[in-house]
Amino acid sequence: MNFSFVSGDASLANGELLVIPLFEGELGEGAPAGLVAADSALEGRLRGAATQEGFKAKADQSLVMHTLGRTTAGRVLLLGLGSRARFHPEVLRLAAGRAAKTAQRLKVVSLVVALPVTDAGADAVRAVVEGLELGAYKFDKYKSSAREEKGAKKPVKVSLVLPEGVEKSRDLEDALALGKRVAEAANWARDLVNEPPNAVTPTVLAEAARKSAKEHGLKITIGGQREIEKLRMGMFLGVTAGSTEEPRLIHVEYTPKNARDAKRPPLALVGKAITFDSGGLSLKPTEGMVDMKTDMAGSAAVLGAMQVIAALKPPFPVHAFIGACENMPAGNAYKPGDILTSRLGKTVEITNTDAEGRLVLGDMLTWACEHKPSAVIDLATLTGACIVALGNYIVGAFGDDDDTVNQVLQSARTAGEEMWRLPVSELQKDALRSEVADMKNSGERWGGSINAALFLKEFVGDTPWVHLDIAGPSNSPKERGYLSKGGTGVGVRTLVEWVRLRAQTQGDEVAEAPAKPARQARGAKKSTRG
Ligand code: BES
Ligand code: MN
Ligand code: ZN
């Protein structure tokens with residue numbers, strides 16, 4: 001998509017579809033200039049039609065109307081934003097997503113979007129850009145019909161009409177650029193999630209990571225079976241044993257240019273990367289297996305976020321750690337009853353081979369913590385229990401370090417990704433007690449997500465740690481706002497926001513000669529508040 005800012009009367013701007021977002025009750029009095037102008041060009045028939053059709057600008061309402069040559073655009077799209085009192089940029093992101101999908105259905109390639117008057121400033125611009133880019137996403141490369149159409153697809157041109165009194169500024173340009181980057185990274189992650197498991201094997205995932213790292217100027221190191229053995233990652237080796245696909249160990253590094261910043265402790269991002277989870281010998285039923293190509297969504301989000309982080313250039317290193325493999329049944333697969341020795345040295349009795357994510361992640365967290373990070377976060381499609389608890393749209397957040405957890409929750413709120421904290425409570429500790437080893441990998445059903453988090457906690461030591469269970473939100477069951485059915489890229493926006501937040505506070509700590517990127521991040525943050 002090609003974005004540009006324009007000023008003046010939205011109804012006169014060039015484009016096939018004029019998009020006008022509206023708050024509830026602002027169809028009459030307090031109507032935005034774009035609506036008033038378009039309505040007067042249509043001699044009052046736009047508002048007339050809205051009233052007749054029952055359009056009240058509620059948060060999920062929209063209305064398309066032909067203009068019969070009365071405005072520059074052939075059609076007007078009114079987008080409901082709901083109550084102004086409950087406004088958050090996420091509302092705008094969802095609405096912009098609906099606009100992109102409507103434009104696609106109408107086969108329209110140029111849009112004029114009248115930016116609403118809000119106090120969100122640059123954040124509103126970013127939300128609109130992200131919503132449009134995310135909303136336009138489609139995964140149809142395996143559809144013969146779509147493949148034939150492909151050549152005809154033209155890039156979409158979007159004119160963003162600034163509200164009266166708002167000038168084009170550096171802040172807005174930056175928000176546009178960041179929004180585009182973030183959405184492109186999330187869409188890149190969605191592709192990886194949506195690709196079938198015969199296309200995205202551990203090897204292919206690692207190659208995608210390599211290509212992405214090269215393109216964004218990041219260092220990447222990829223290891224295979226031998227390196228994993230050398231690192232004595234016994235849990236990872238157990239999970240991968242039954243697969244004919246070679247496992248991959250992926251380490252992506254962003255290092256600041258400034259020598260002093262480069263020596264700071266890194267931030268560590270860990271992502272679950274089971275490219276297919278059959279359950280192993282504790283085999284899943286078919287219904288539970290069909291979506292298990294998405295069991296690498298955590299790693300896709302981490303790799304997507306790294307693309308944006310490379311451009312943000314925070315004043316501290318950021319490392320991604322990913323262990324990619326399949327979980328398959330086979331004669332040489334790991335078995336219930338096996339005892340595995342983790343990299344950390346703790347022994348684990350396998351009681352369910354379908355609780356494989358925590359095993360690979362445990363070794364990855366140990367490895368990540370050996371790099372002495374200031375904090376570590378993991379993103380994982382870890383438990384069905386988390387979907388039972390929080391549904392398909394809310395991420396479960398875990399961790400002992402209140403400050404770090406709150407920082408991530410705050411970043412998620414800013415980014416428009418809903419998360420809810422769940423306890424990593426010792427009350428559940430008995431669930432993982434083993435008679436024969438230091439612990440077992442799965443216990444009672446009750447509190448399944450907490451038990452998984454408790455297992456991971458064993459491998460992070462004193463490092464401030466946050467665990468995000470994205471089992472539900474990584475895969476949308478239906479089209480909604482900017483989401484389509486399938487991979488969502490959840491986590492990319494929160495990770496980017498978290499790095500921005502930490503860049504801001506770390507920049508403030510270093511009073512003398514702040515590095516340029518830190519200043520940039522501070523400037524960007526200011527616009528978040530304003
Ligand atoms: N990848 C699954 C979790 C999952 C389920 C993600 C549904 C997305 C949708 C994970 O590896 C798993 O199988 N977890 C088990 C754990 C149990 C055996 C302790 C589960 O949730 O049933
Ligand atoms: Mn599993
Ligand atoms: Zn899994």
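FYI, the UniProt record's numbering numbers position 94 of the sequence shown as 94, with every residue one higher than the one before it. Each residue gets a CB set at the ideal place from its N, CA and C atoms; glycine is no exception.
Selection T494, E479 and G223 evaluated against F139 yields E479 as nearest (Cα-Cα).
Segment contact: the stretch 276–284 against the stretch 318–335, three or more CB-CB distances shorter than 8 Å; contact assigned. Between Q52 and the set S40, M65 and A41, the nearest pair of CA atoms involves M65. A distance criterion of 7 Å places the beta-carbon of G487 beyond contact range of the ligand ZN, judged by its closest non-hydrogen atom. By the Cβ-count criterion, L42 is buried, with 16 or more other Cβ atoms from all chains shown falling within 10 Å of its own Cβ.
Classified as buried, W465 has 16 or more neighbouring CB atoms from the shown chains inside 10 Å of its CB. A distance filter of 5 Å between CB atoms and the heavy atoms of the ligand ZN selects the following residues in sequence order: I274, D277, D295 and G357. Residue burial is scored here from C-beta neighbours: L361 has at least 16 other C-beta atoms within 10 angstroms and is therefore classed as buried. Residue range G234 to T240 is occupied by the alpha helix (DSSP H) that includes F236. Set against 7 Å, the gap from the CB of I350 to the closest heavy atom of the ligand BES is not smaller. Under the three-state reduction of DSSP output, V108 falls in the coil class, being neither helix nor strand.
If you draw a 10 Å sphere on the C-beta of S484, you find 16 or more other C-beta atoms in it, and that means buried.
Of all alpha-carbon atoms in K263, A99, G82 and N2, the one lying nearest the alpha-carbon of L18 is that of A99.
Ranked by Cα distance from V182, the first of Q504, T488, F276 and N475 is T488. Secondary structure note for S4: it is in no alpha helix (DSSP H), and the uninterrupted beta strand (DSSP E) holding it is N2 to V6.
Segment contact: the stretch 247–257 against the stretch 310–329, three or more CB-CB distances shorter than 8 Å; contact assigned. The continuous alpha helix (DSSP H) containing S145 extends over residues S144 to E149.
A residue is called buried once 16 or more other Cβ atoms fall within 10 Å of its Cβ, and T71 is buried on that count.
In this structure, the ligand MN has a non-hydrogen atom nearer than 7 Å to the beta-carbon of G279. With contact defined as three or more Cβ pairs closer than 8 Å, the stretch 380–387 and the stretch 288–305 are in contact. Around the beta-carbon of R358, 16 or more other beta-carbon atoms lie within 10 Å, marking it buried. Counting the other CB atoms within 10 Å of its CB gives S449 a total of 16 or more, which places it among the buried residues. For D469, the uninterrupted beta strand (DSSP E) run begins and ends at W465 to D469, by DSSP.
Taken through DSSP and simplified to helix, strand or coil, A397 comes out as strand. Within the same chain, L192, A208, T275, K293 and M296 come within 8 Å of V200 by CB-CB distance, once the 5 residues on both sides are set aside.
At the C-beta level, D363 and F236 come within 8 Å of one another. 8 Å or more divides the Cβ of E215 from the Cβ of E184.
Q61 has its alpha-carbon roughly 41 Å from the corresponding atom of I322.
Take the alpha-carbon of P314 and the one of T347: they are about 38 Å apart. The ligand BES has no heavy atom closer than 7 Å to the beta-carbon of T240. Taking a contact as a CB-CB distance under 8 Å, the pair Y334 and A241 counts as one, their CB atoms being some 5 Å apart. The beta carbon of N14 lies closer than 8 Å to those of T72, S110, V112 and S159 in the same chain, with the five residues before and after it left out.
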